[in-house]
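In the working numbering, the protein residues as written are 4 to 378. All C-beta atoms in this analysis are idealised placements derived from N, C-alpha and C, irrespective of residue type, glycine included.
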Ligand SMILES: *Cc1c(COP(=O)(O)O)cnc(C)c1O
């Protein structure tokens, strides 16, 4: 059996090696390492894939979130509503800009923002909401957008884990996650569903005004070289990364299908088990399975992780400490009651999921998970 990894980037690379190697060498030979055609081409192709007017490539998914927030001209003391149950980047950038992160609970089935909780958390200071399409499934965007519109609040979708995911509205229309809010952000970190071979990120919007503003912010606050209008940052997508991502983009849908195949295998193996809850599939969204995450009931999670490790099976806890319990936010309000978040942080475990898992590996993983949970 091939060794099992959380993400197998090596095998995936082997399948595209000739095209990727050529694309990288072309950049090396052009000696145009910053900007240039590959960046513009990839941005255009990604825009077409997502169905969005503007794609602004940047250095990583965290920068993408920061630039998006900066474009909203928020003032210290303003509030941004985000889930506590997410990767730290989502909330860290809020605090970095001296804006108050307001944490809300998540839905226990989708792991995404609970829209009723958002409703209760809105105050006159609320200027933005940042939903996270966690693990690869969409937040319930239709009621969220209605709520945001009614209160004139901007919505920034953190789409780092769900690129390629489709959300279906009640009228049957479908939109890609990251294109529903005012701004969408994503990451091309190697392990993400569309991963580069280094850091990378992108911001998307249909708004010409926001797009122009974010391009300026990402480029030292400047539209014209050496003339700086606002305080900005330096955040660029590497030319080599853009060339690699442009080769991988046409394969994204098949990558998503391969992840779903592995997820289906897991679902079947664990179906009906009293101690294992498999991911709930929302009827409003497909799942792109950035993570395959189980909820354990009455299972020693650390024990399971340690046991799997002895069988050469990696498993991860995403995330062991929720945002509202992180020390970094001590200067902000930390007195939150988020029962679903706390429930999930103590019970979730993510199994290996990627595009290269074979049946032998899946059988090995599921049999050992069951072996431990049946004790
Ligand atoms: C990965 C990730 C980010 C940050 O992306 P980087 O490219 O690593 O900066 C932000 N939000 C979520 C939910 C993520 O999973």
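Listed in chain order, the alpha helix (DSSP H) elements of length 4 or more contained wholly in the region 230 to 283 are 242 to 251, 255 to 273. For the set 53, 66, 44, 20, the Cα lying nearest the Cα of residue 237 is the one of 66. Relative to ligand 1, even the nearest heavy atom lies 7 Å or more away from the CB of residue 294.
As the crow flies, the alpha-carbon of residue 40 is around 38 Å from that of residue 319.
Sixteen is the threshold: when 16 or more other Cβ atoms of the shown chains lie within 10 Å of the Cβ of residue 160, as they do, the residue is buried. Taken in chain order, the complete beta strand (DSSP E) segments of 3 residues or longer contained in the region 130 to 218 are 157 to 161, 169 to 171, 177 to 179, 186 to 190, 204 to 208.
For residue 231, the closest of 171, 273, 131, 219 by C-alpha to C-alpha distance is 219.
Within 10 angstroms of the beta-carbon of residue 127 lie fewer than 16 other beta-carbons, which makes it exposed. Looking only at 153, 169, 190, the smallest Cα-Cα distance to residue 92 is reached by 190. The bridge partners DSSP lists for residue 295 are 354. Contact between residue 108 and residue 344 holds, since their C-beta atoms are separated by about 5 Å, short of 8 Å.
A distance criterion of 7 Å places the beta-carbon of residue 244 beyond contact range of ligand 1, judged by its closest non-hydrogen atom. Of the residues assessed, residue 104 falls on the buried side of the cut-off, its CB having 16 or more other CB atoms within 10 angstroms.
Taking a cut-off of 8 Å on C-beta distances, the region 116 to 131 does not touch the region 346 to 355, as fewer than three cross pairs fall below it.
The three-state reading of DSSP puts residue 327 in helix, counting H, G and I together. With fewer than 16 other CB atoms across the displayed protein chains lying within 10 angstroms of its CB, residue 331 is exposed. Closest in alpha carbon position to residue 334, among 99, 71, 69, 33, is 99.
In this structure, the beta-carbon distance from residue 130 to residue 77 falls below 8 Å. Under a 10 Å Cβ-count criterion, residue 94 is classified as buried, with 16 or more other Cβ atoms of the shown protein chains found around its own Cβ.
Taking 8 Å as the cut-off, the beta carbon of residue 57 is found no closer than this to the beta carbon of residue 265. The closest heavy atom of ligand 1 lies 7 Å or more from the beta carbon of residue 237. By the Cβ neighbour-count rule, residue 315 is exposed, with fewer than 16 other Cβ atoms within 10 Å of its own.
In this structure, the alpha-carbon of residue 12 lies about 12 Å from that of residue 201. Under the DSSP assignment, residue 376 falls in the alpha helix (DSSP H) whose first and last residues are 362 to 376. Sequence-distant Cβ neighbours of residue 216 in its own chain, meaning closer than 7 Å and more than five residues away, are 74. Spatial neighbours of residue 297 in its own chain (CB-CB distance under 6 Å, excluding positions within 5 residues in sequence) are listed in chain order as 279, 352. Looking at the DSSP output, residue 82 shares a beta bridge with 103, 129. DSSP places residue 41 in the uninterrupted alpha helix (DSSP H) bounded by 40 to 53. Where residue 23 is concerned, the enclosing alpha helix (DSSP H) starts and stops at 12 to 33. 8 Å or more divides the Cβ of residue 267 from the Cβ of residue 167.
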